[in-house]
Each structure stands twice: as C-alpha cells, then as structure tokens.
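Trainee: One structure, pasted below without further comment.
2 protein chains.
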Amino acid sequence: MISKTARYALRILGYLVERPGERIQGDQIALATGVPSNYLSKILNQLRKQRIVESQKGWGGGFVLAPRSGRIPILDVVELFDGRIPQRECVFNLGLCDASHPCPLHDHWAQISTQLDGMLRTVTVGELGTVNLENGAQKRPRRKANGTRSR
Amino acid sequence: MISKTARYALRILGYLVERPGERIQGDQIALATGVPSNYLSKILNQLRKQRIVESQKGWGGGFVLAPRSGRIPILDVVELFDGRIPQRECVFNLGLCDASHPCPLHDHWAQISTQLDGMLRTVTVGELGTVNLENGAQKRPRRKANGTRSR
DNA sequence: ATCTCAAGGGATAAACTCATCCACAGAGAG
DNA sequence: CTCTCTGTGGATGAGTTTATCCCTTGAGAT
Numbered sequence: 010m011i012s013k014t015a016r017y018a019l020r021i022l023g024y025l026v027e028r029p030g031e032r033i034q035g036d037q038i039a040l041a042t043g044v045p046s047n048y049l050s051k052i053l054n055q056l057r058k059q060r061i062v063e064s065q066k067g068w069g070g071g072f073v074l075a076p077r078s079g080r081i082p083i084l085d086v087v088e089l090f091d092g093r094i095p096q097r098e099c100v101f102n103l104g105l106c107d108a109s110h111p112c113p114l115h116d117h118w119a120q121i122s123t124q125l126d127g128m129l130r131t132v133t134v135g136e137l138g139t140v141n142l143e144n145g146a147q148k149r150p151r152r153k154a155n156g157t158r159s160r
Numbered sequence: 010m011i012s013k014t015a016r017y018a019l020r021i022l023g024y025l026v027e028r029p030g031e032r033i034q035g036d037q038i039a040l041a042t043g044v045p046s047n048y049l050s051k052i053l054n055q056l057r058k059q060r061i062v063e064s065q066k067g068w069g070g071g072f073v074l075a076p077r078s079g080r081i082p083i084l085d086v087v088e089l090f091d092g093r094i095p096q097r098e099c100v101f102n103l104g105l106c107d108a109s110h111p112c113p114l115h116d117h118w119a120q121i122s123t124q125l126d127g128m129l130r131t132v133t134v135g136e137l138g139t140v141n142l143e144n145g146a147q148k149r150p151r152r153k154a155n156g157t158r159s160r
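Chains as they are written, first to last, in the numbering used here: chain U, 10 to 160; chain R, 10 to 160.
Put into structure tokens, the structure is as follows:
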C-alpha cells in the first residue's frame, strides 16, 4: 500500500522534525533511523529536490528540514515516492467496480479508503516528531560542535 | 497491501462461486477473469492444496469450488498468498509503535487496520459472487456438454 | 591552492513479485 | 492400449523495488 521507500522517508523526516535547524549528516540519520546509508542518500536527494529538506555539502554539511515542511501533509511525501495513489479503485480490482456497479467489497473498501486518504491529508510532517526509533541511542552530536554555521 | 496474486485468487473464486458444482477448465477461467493463463494454474494449484477448490485432470476436467469454501472468510485466501498480515504493526513502521508508545500515526492507523481486518474476516468467499468481470462474455460452456460427471 | 569532508548521482546488483515455458502425470474416450 | 485432454510442477524469465558501489561535485579548513 505504501512502499518501503516512502515509509523510510517519513521515518527520516520524523527524525529531522525533532532537530529543527540542526544540520545532520546522512550517516548519522542512517544510523539513527536504521535506513540503509546508501539508500538514504537517494531518498534525501528526492526530498531535497522537492524542497522538503535542505542540504549542505562539504565540511559541516548535512540535512535540515526546510522551514515550511512542518506544515505539509504526509500525503505529499508518500506521493513523491509512490506516485498518485489511485484511491478510486477498489483494493481487489475485482473487475469493474464503481458506485453504480459495486463489487462485493466496494462498501467496505470505500470506508477504509476514505479513512486512509483522510489520514494522509490530515497528518502533517511536523506531527511525525514523536517517533520512537528502534535504537533510541545516537542522539549525541557525534561531531565536534563547530560554530561556523554561517552557510 | 494485498498482492496482485491474492487479488487474482479472489477474482477467480468470485467467478467459481457463481458456477457452483460446475467443473470449469483453467483456460476458461483465465479467459473470463483476465488472469494470465499460466499464472492462473499456479494460483489454482495453491487453492487446491488448501482444499478451497477441487480439481479434476483429464478429459472433462477442471476446477470447482469446494463445498464448504463459500463459508470461509476471504482473509484465509489473502493469507494463503500474502502470508499472515502483521496487523499489529503500524503501516509506516515508524520505529517502535504500540498502544503504550504510539507513533504519531498510530491512532489513525489503528482505525484503518481494524476496519480492514474486519472486512477480511467478515466477508466470505461466497459473497464474492456478484463480481463484475471486465469482459462479461465467455459464459458459454465452450465444451460439448458431456454427461459423464461421475467423478 | 590544496586537502578533507559530505552530499550528488550514475551504474550495478540483489531480492522479490509476477509471468511464461515446457515436460510430466493422471483421467476419460475410442 | 493408445490418444488426447487438462491439471501438476519444476525451471526459467521479465519487471519492479530495494540496496550497494563508487566516482564526482561542491564547500569549508588550512
């Protein structure tokens, strides 16, 4: 229903939400979230292209959540990776299925579909903050806390 | 969420439900349901091993829904192909997530999960009967209606 | 300028799902 | 018995998603 990649993305964002304004290295995020390091860079890259995160190369570089990203619905993130979800179609694709010719599961699915859609539209990235990561560790900065964050 | 294979299976069963006691060839089912012929045989084979359908080889052979199959919940079919669905886990796998340490999406998901689970447990194979197949044709027997169905 | 650090990004591989091919087995017709 | 019909089942292939490798690019430190 929702790809692993999109879930990774939400997980990463949940981690970044809790560290607003703090630039964090990819490796650090990978470590903390459990997302494979190399794959994570691909995901963050896509998020960057959509201006959901901002990145900085070189010494002291890393990723930060973009200022306005807290407000966007998680649907935007999911659709970034999974494409537009064809909510209209019944789960089971049991042949033709619409309001006038409902398949046996249509009504059941319509409710579920509506709720799912509602969740994706209602919950924002900013609300992902309280995520409990598997390994609660890795909250230390891990870098010598250098001052020059001039950008 | 639910694999294409499992959806194929439900579709096939929906077709068979409407033809109780009638032995129908794989090719005929494939034609009517749109499931790829070669793949369909694999699916029906699994359904046979679970005694959900019965099969008959040779001349006049084919598949029939097993007598008691109308009563089984579609969950059984879905789990046959997709394995046990980890309903307890939150969709997003956002780290640890249970009732005591809910992730931000937990409550939303709990509702959806419950409904989905309910649907899979409540709806039976027998209720799949009114499925509208894409190509409403192919209802003709296609074989010389021979009598010997003695088995 | 040069070095090092960390993200960017293309190529490739591994894993999984979906689909096809073909030889075999069993059953009825003749 | 032999022929044909149809399901059985192993092997293989295609396609997609997930993951890894590694070279390049850009930026700050010195």
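Idealized CB from N, CA, C, for every residue including glycine.
Identify whether P45/R lies in helix, strand or coil by the three-state DSSP scheme.
Mentor: If you number the second sequence from 1, residue 45/R lands on position 36. It is coil, neither helix nor strand.
Trainee: Would you grab the beta carbon distance between I61/R and A75/R for me? Rounded to a whole angstrom, and I think it's under 8 Å.
Mentor: Against the second sequence, residue 61/R aligns to sequence position 52. Against the second sequence, residue 75/R aligns to sequence position 66. Confirmed, Cβ separation roughly 6 Å.
Trainee: How big is the Cα-Cα spacing for R57/R and E63/R?
Mentor: Residue mapping note: residue 57/R aligns to position 48 of the second sequence, counting from 1. Residue mapping note: residue 63/R aligns to position 54 of the second sequence, counting from 1. Taking the straight line joining both Cα atoms gives about 6 Å.
Trainee: State the DSSP-derived secondary structure class of A154/U, mapped to helix, strand or coil.
Mentor: In the first sequence, the residue the question calls residue 154/U occupies position 145. Its pLDDT being 35, under 50, A154/U is placed unreliably by the model, and the measurement read from it follows with that caveat. In the structure shown, A154/U sits in coil (DSSP, three-state: anything other than H, G, I, E or B).
Trainee: Please report the distance separating the alpha-carbon of V86/R from that of A18/R.
Mentor: Along the second sequence, one-based indexing puts residue 86/R at 77. Along the second sequence, one-based indexing puts residue 18/R at 9. Approximately 7 Å between the Cα atoms of the pair.
Trainee: The beta strand (DSSP E) that contains V134/R, what's its start and end?
Mentor: On the second sequence, residue 134/R is found 125 positions in, with the first residue counted as 1. Premise fails: V134/R is in no beta strand (DSSP E) and is neither H nor E.
Trainee: Using the beta-carbon of each residue, which ones in chain R are nearer than 7 Å to H117/U?
Mentor: Translated into positions along the first sequence, residue 117/U becomes position 108. By Cβ distance, chain R contributes M128 and V132.
Trainee: Is the beta carbon of G71/R sitting closer than 8 Å to the one on Q124/R?
Mentor: Here the question's residue 71/R lines up with position 62 in the second sequence. Here the question's residue 124/R lines up with position 115 in the second sequence. Their beta carbons are not under 8 Å apart, which means G71/R does not touch Q124/R by this criterion.
Trainee: Going by DSSP, name the residue or residues bridged to I33/U.
Mentor: Taking the first residue of the first sequence as 1, we reach residue 33/U at position 24. Paired residues: F72/U.
Trainee: Within 10 Å of its beta-carbon, does Y48/U have 16 or more other beta-carbons around it, so buried, or fewer, so exposed?
Mentor: Position 39 of the first sequence, counting from 1, holds the residue named residue 48/U. Looking at its Cβ environment, which holds fewer than 16 other Cβ atoms inside 10 Å, Y48/U is exposed.
Trainee: List the DSSP bridge partners of Q65/U.
Mentor: For the purposes of this step, residue 65/U is taken as the residue at position 56 of the first sequence. Q65/U is bridged to G71/U.
Trainee: Output the boundary residues of the alpha helix (DSSP H) element that contains E88/U.
Mentor: The residue you call residue 88/U lines up with position 79 of the first sequence. Note, E88/U: alpha helix (DSSP H), I83 to D91.
Trainee: Who are the neighbours of Q124/R on chain U, taking C-beta pairs under 8 Å?
Mentor: For the purposes of this step, residue 124/R is taken as the residue at position 115 of the second sequence. Ordered by position in chain U, the residues that pass the 8 Å Cβ test against Q124/R are H117, Q120, I121 and Q124.
Trainee: Go ahead and pull the three-state DSSP assignment for S78/U.
Mentor: As a working note, residue 78/U is residue 69 in the first sequence. If DSSP states are grouped into helix, strand and coil, S78/U belongs with the helices.
Trainee: Tell me the residue span of the alpha helix (DSSP H) that contains I21/R.
Mentor: Translated into the one-based positions of the second sequence, residue 21/R becomes position 12. Where I21/R is concerned, the enclosing alpha helix (DSSP H) stretches over K13 to V26.
Trainee: Rounded to the nearest angstrom, what separates I121/R and S12/U at their Cα positions?
Mentor: To locate residue 121/R, count along the second sequence from 1; it is residue 112. To locate residue 12/U, count along the first sequence from 1; it is residue 3. Straight-line measurement puts the Cα of S12/U at about 17 Å from the Cα of I121/R.
Trainee: One question on the structure: do R32/U and Q65/U come within less than 8 Å of each other, judged by their Cβ atoms?
Mentor: In the first sequence, the residue the question calls residue 32/U occupies position 23. In the first sequence, the residue the question calls residue 65/U occupies position 56. Cβ distance < 8 Å, so R32/U and Q65/U count as in contact.
Trainee: Going by DSSP in three states, Q120/U sits in which element: helix, strand or coil?
Mentor: Within the first sequence, numbered from 1, the residue matching residue 120/U stands at position 111. Of the three classes helix, strand and coil, the one that applies to Q120/U here is helix, per DSSP.
Trainee: Do we get a CB-CB distance below 8 Å when we pair P45/U with the residues of chain R?
Mentor: Residue mapping note: residue 45/U aligns to position 36 of the first sequence, counting from 1. Taking Cβ atoms only, chain R never reaches closer than 8 Å to P45/U, which makes this a no.
Trainee: Work out the CA separation of D126/R and L40/U for me, nearest whole Å.
Mentor: On the first sequence, position 31 is the one that residue 40/U refers to. On the second sequence, position 117 is the one that residue 126/R refers to. If you take the alpha carbons of L40/U and D126/R, they lie about 34 Å apart.
Trainee: Taking Cβ positions, are G8/R and V132/R nearer each other than 8 Å?
Mentor: Residue 8/R is absent from the model: chain R starts at 10 and stops at 160.
Trainee: Can you grab the Cα-Cα spacing for the pair H115/U / W118/R, in whole Å?
Mentor: To locate residue 115/U, count along the first sequence from 1; it is residue 106. To locate residue 118/R, count along the second sequence from 1; it is residue 109. Their Cα atoms are separated by approximately 20 Å.
Trainee: If contact means a Cβ-Cβ distance below 9 Å, which residues of the region 82-97 of chain R contact chain U?
Mentor: Of all residues in the region 82-97 of chain R, only I83 place a beta-carbon less than 9 Å from a beta-carbon of chain U.
Trainee: Can you tell me whether I94/R is helix, strand or coil according to DSSP?
Mentor: Along the second sequence, one-based indexing puts residue 94/R at 85. Residue state, collapsed to three classes: coil.
Trainee: Between I81/R, G92/R and W68/R, which has its C-alpha nearest M10/R's C-alpha?
Mentor: Mapped onto the second sequence, residue 10/R falls at position 1. If we check each option's Cα against that of M10/R, G92/R comes out closest.
Trainee: According to DSSP, simplified to helix, strand and coil, what is Q55/U?
Mentor: Position 46 of the first sequence, counting from 1, holds the residue named residue 55/U. Helix.
Trainee: Check whether chain R comes within 8 Å of E31/U, counting only Cβ atoms and requiring the distance to be less than that.
Mentor: Counting from 1 along the first sequence, the entry for residue 31/U is found at position 22. Not closer than 8 Å to any Cβ of chain R, the Cβ of E31/U fails to qualify, so no.
Trainee: Given this structure, state the Cα-to-Cα distance separating R20/R from P45/U, to the nearest angstrom.
Mentor: Here residue 20/R corresponds to residue number 11 of the second sequence, with the count starting at 1. Here residue 45/U corresponds to residue number 36 of the first sequence, with the count starting at 1. One C-alpha to the other measures close to 37 Å.
Trainee: For the candidate residues P29/U, N54/U, M128/U and Q37/U, whose alpha-carbon lies nearest to that of L84/U?
Mentor: Residue numbering aside, residue 84/U sits at position 75 when the first sequence is read from its first letter. Checked all of P29/U, N54/U, M128/U and Q37/U; the closest Cα to L84/U is M128/U.
Trainee: Looking at chain U, is there any beta carbon in it that lies within less than 8 Å of the beta carbon of R160/R?
Mentor: Indexing the second sequence from 1 puts residue 160/R at position 151. Caution is warranted here: a pLDDT of 34 is assigned to R160/R, below 50, making its placement in the model unreliable, and no coordinate value can be reported.
Trainee: Using a threshold of 8 Å, state whether the C-beta atoms of Q37/R and L89/R are closer than that.
Mentor: For the purposes of this step, residue 37/R is identified with residue 28 of the second sequence, where counting begins at 1. For the purposes of this step, residue 89/R is identified with residue 80 of the second sequence, where counting begins at 1. No; because the gap between Cβ atoms is not below 8 Å, this pair is not in contact.
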